[in-house]
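To keep things clear, I will list the structure first and then write my remarks on it.
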Amino acid sequence: NIEELSTQTFEVSSVFITYETEEAQRAALKTLDVSGWNVWRNTGVEERLLFRGDKVLSLKEPAEPSSIRYEDLDDTFAKTVSQLMLTTFISLVLIVGGAFLIFLARRRSAFASGITIKIINSLTPAVCSMLVNKFESHAYEGQKQTSEYVKVTIFRWVSTAIVNIIITPFTSTTKNGAVFLLSALRATFIFELVTTPVLQLLDIGGNVKRHILGPRAVDQRRMDLKFLGNSYTLGERYTDLTKILFLTFFYAVIFPTGFFYAFATLALTYWVDKYSLLRQWGPAPKVGSQISEISRDYFFNAALLAFAIFGAYQWAGFPYDDACVTTENVSEVYAGTHTAINGDGDEVNITIAADSVHYEVCSQDMLRFFPPAFPALPVYQRDNEEWMLNEQELIVALFGWAGIGILVFTTFIFTKRIVVQNIKAAFFRTYEPQGEVGGPRFSQVREIFGYIPSVQLPGFPFPLLVCDLSGIQDLGLVGWKDTERPYSEHSLIYDVPRVAERLALQEGGKHDSATEDVLRIFSMVKEWPYEENEGDN
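As structure tokens, this is what we get:
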């Protein structure tokens with residue numbers, strides 16, 4: 051319990067410092083910039099720069115105050131990796147399960163397949179968010195949303211695009227019919243164009259909370275919770291964008307109409323999201339540019355890579371009949387008009403001319419060649435089984451080599467961001483100031499808040515403070531204010547009996563400090579107000 055924890059000693063996990071000027075911040079970052087190796091070995095800096103005389107600090111610019119997850123700051127790297135491996139395994143199992151459901155739906159019709167894909171895509175964000183919230187720990191909200199974004203994107207890419215190409219027989223690729231690929235793609239695009247914006251505008255859950263549950267709440271706090279805006283994450287919005295792009299690029303060759311569907315879907319999504327942002331959604335934490343950078347450097351490049359690589363395979367597969375022409379003429383026995391039964395059980399007439407050539411069964415599916423044919427190039431056609439026309443061979447070669455070029459570029463970007471930058475940070479100083487120094491002081495910008503430790507729990511309209519505010523004078527640094535209750539009613543410190551007895555409420559919501567032995571288990575917050583005559587920093 052709290053009393054027992056107050057007798058223990060805890061190592062500091064993170065220290066957040068806000069400077070009055072950007073110049074002072076840059077000076078500190080430059081002076082205390084050390085490599086990861088020095089931090090791990092606890093060496094390489096002057097004694098006067100050691101934290102509490104014996105610790106080398108790893109100094110970096112933090113995320114925005116609203117995106118700090120204070121409850122996860124002390125988790126170790128090994129724990130974080132093990133959690134990530136667990137959630138990744140669970141995600142893979144769910145992806146396989148979703149693919150199997152889509153396979154069963156496709157056996158019935160393209161419409162059933164489209165509904166199944168839409169349901170899976172709608173449930174995916176909630177499932178991935180539950181996995182990340184329950185099993186993963188992240189120091190910043192941006193890291194958490196990035197983890198969700200990667201999982202949701204891969205899940206949706208597989209269920210929307212990749213599963214269809216796997217479960218579709220090669221010779222059925224370009225056929226029209228209720229259970230074939232083109233109909234399934236058309237149904238998927240239509241569902242994305244219609245159902246997503248309509249459901250978002252209807253906001254069924256939000257209207258039920260505001261008009262039915264809210265007025266019937268038992269107290270004011272519960273009623274206020276029903277009138278909060280719907281929560282959203284930037285990562286989920288990006289997945290809707292990348293999902294449509296990937297589906298369009300993946301099947302661009304055999305379903306070029308997808309570009310028109312994609313244009314209509316993205317344009318409608320823009321206006322619906324704009325309306326939701328202004329009318330329906332609540333405020334979200336400031337997560338920075340992490341998600342947009344990952345989208346630009348990885349997922350957009352991956353979609354473009356899929357366009358080139360799989361476009362080459364799809365061009366190579368035409369005419370999708372696994373029939374290769376030979377130089378032999380058909381036997382005179384087969385010349386004439388014949389009656390046959392097609393796959394639907396209908397009789398059809400087939401006329402074979404005397405000068406018709408003989409066709410043999412061959413494999414035109416380079417995607418399933420063994421040994422693998424990568425990239426798809428005309429030279430990989432098997433001997434005596436050539437089926438491509440001259441113009442077709444040229445297009446396949448262009449797409450194939452373009453895919454190799456994009457693959458090399460994507461690999462370079464990945465290596466630079468993941469490998470080179472991490473190695474550089476491990477052994478060298480990496481701080482480089484960006485832009486010019488200037489702008490107003492911190493105390494002059496009222497929209498900027500301080501790093502006040504708190505946790506957000508379900509069922510509470512405001513975060514719960516896990517620090518003593520008596521060390522600061524400007525309570526505006528908290529970043530929010532309850533107009534009806536003082537900060538003491540939102541602080542976990544006052545749930546401790548010994549603290550509650552010794553803290554007296556004072557004017558302005560400030561309080562005397564509690565005893566040191568109890569407060570050591572809570573975060574410390576200190577403010578040194580800037581005074582004009584003390585200097586510029």
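With this note's numbering, the residue at position 353 of the sequence shown is 403, and numbering never jumps. No residue lacks a Cβ here, since even glycine has one placed at the ideal position from N, Cα and C.
| message | With three or more beta-carbon pairs closer than 8 Å as the criterion, would you say the segment 339-351 touches the segment 428-439? | response | Segments in contact, no.
| field | Alpha-carbon spacing of F60 relative to V258, whole angstroms | value | Taking C-alpha positions only, F60 is separated from V258 by approximately 46 Å.
| message | Taking a contact to mean a Cβ-Cβ separation below 8 Å, would you say F499 touches V528 in this structure? | response | yes
| query | What is the DSSP secondary structure of L427, reduced to helix, strand or coil? | reply | coil
| Sub-8 Å separation of Q195 and G285 beta-carbons | yes
| request: In angstroms with no decimal places, state the Cα-to-Cα distance between R496 and D524. | output: Computed Cα separation, rounded: 11 Å.
| request: Would you tell me roughly how many angstroms separate the C-alpha atoms of R432 and A314, rounded to the nearest one? | output: 42 Å
| message | Could you tell me which whole alpha helix (DSSP H) segments of length 4 or greater appear in the segment 231-307? | response | 231-252, 254-258, 270-276 and 284-300
| Can you list, in chain order, the stretches of the alpha helix (DSSP H) that have 4 or more residues and sit fully within the segment 437-512? | 440-464 and 471-477
| query | Given that a residue counts as buried once 16 or more other Cβ atoms are within 10 Å of its Cβ, and exposed if not, what is A356? | reply | A356 comes out buried.
| said: Give me the residue from I402, E410 and N392 with the minimum Cα distance to T376. | reply: E410
| task | Could you check how far apart the C-beta atoms of I400 and H408 are, in whole angstroms? I think they sit under 8 Å. | result | Between H408 and I400 the Cβ distance is about 15 Å, and since that is not below 8 Å, they are no contact.
| query | Going straight from the alpha carbon of T218 to that of D83, what length do you get? | reply | 55 Å
| field | E70 beta carbon less than 8 Å from that of Y580 | value | Going by beta carbons, Y580 and E70 fall inside the 8 Å limit.
| Beta-carbon spacing of F241, I145 below 8 Å | no
| field | Sub-8 Å separation of Y199 and I118 beta-carbons | value | no
| query | With V487 and E72 assumed to form a contact (beta carbons below 8 Å), what rounded beta-carbon distance in angstroms separates them? | reply | Rounded, the Cβ-Cβ distance is 5 Å, consistent with contact.
| From which residue to which residue does the alpha helix (DSSP H) around V337 run? | Under the DSSP assignment, V337 falls outside any alpha helix (DSSP H); it carries neither an H nor an E label.
| Exposed or buried, T81, counting other C-beta atoms within 10 Å across all chains shown (16 or more means buried)? | exposed
| query | Can the beta-carbon of P511 be found less than 8 Å from the beta-carbon of D274? | reply | yes
| query | What three-state label does DSSP hand L82 in the structure shown? | reply | In the structure shown, L82 sits in coil (DSSP, three-state: anything other than H, G, I, E or B).
| query | Of all the options G308, V303, M416 and T283, which has the alpha carbon lying nearest to the alpha carbon of L295? | reply | G308
| request: Starting from the Cα of T480, find the closest Cα among L231, E382 and L109 and give me that residue. | output: L109
| query | Do you know whose CA, among Q340, R287, F349 and F459, lies nearest A326's CA? | reply | Rather than Ala, the amino acid found at residue 326 in this sequence is Ser. The option with the nearest alpha carbon to S326 is R287.
| Beta-carbon proximity list for Y384, same chain, < 6 Å, skipping 5 on both sides | I402
| query | Which of helix, strand or coil does DSSP assign to F101? | reply | strand
| query | Candidates G386, C412 and N392: which alpha carbon is nearest D372's? | reply | C412
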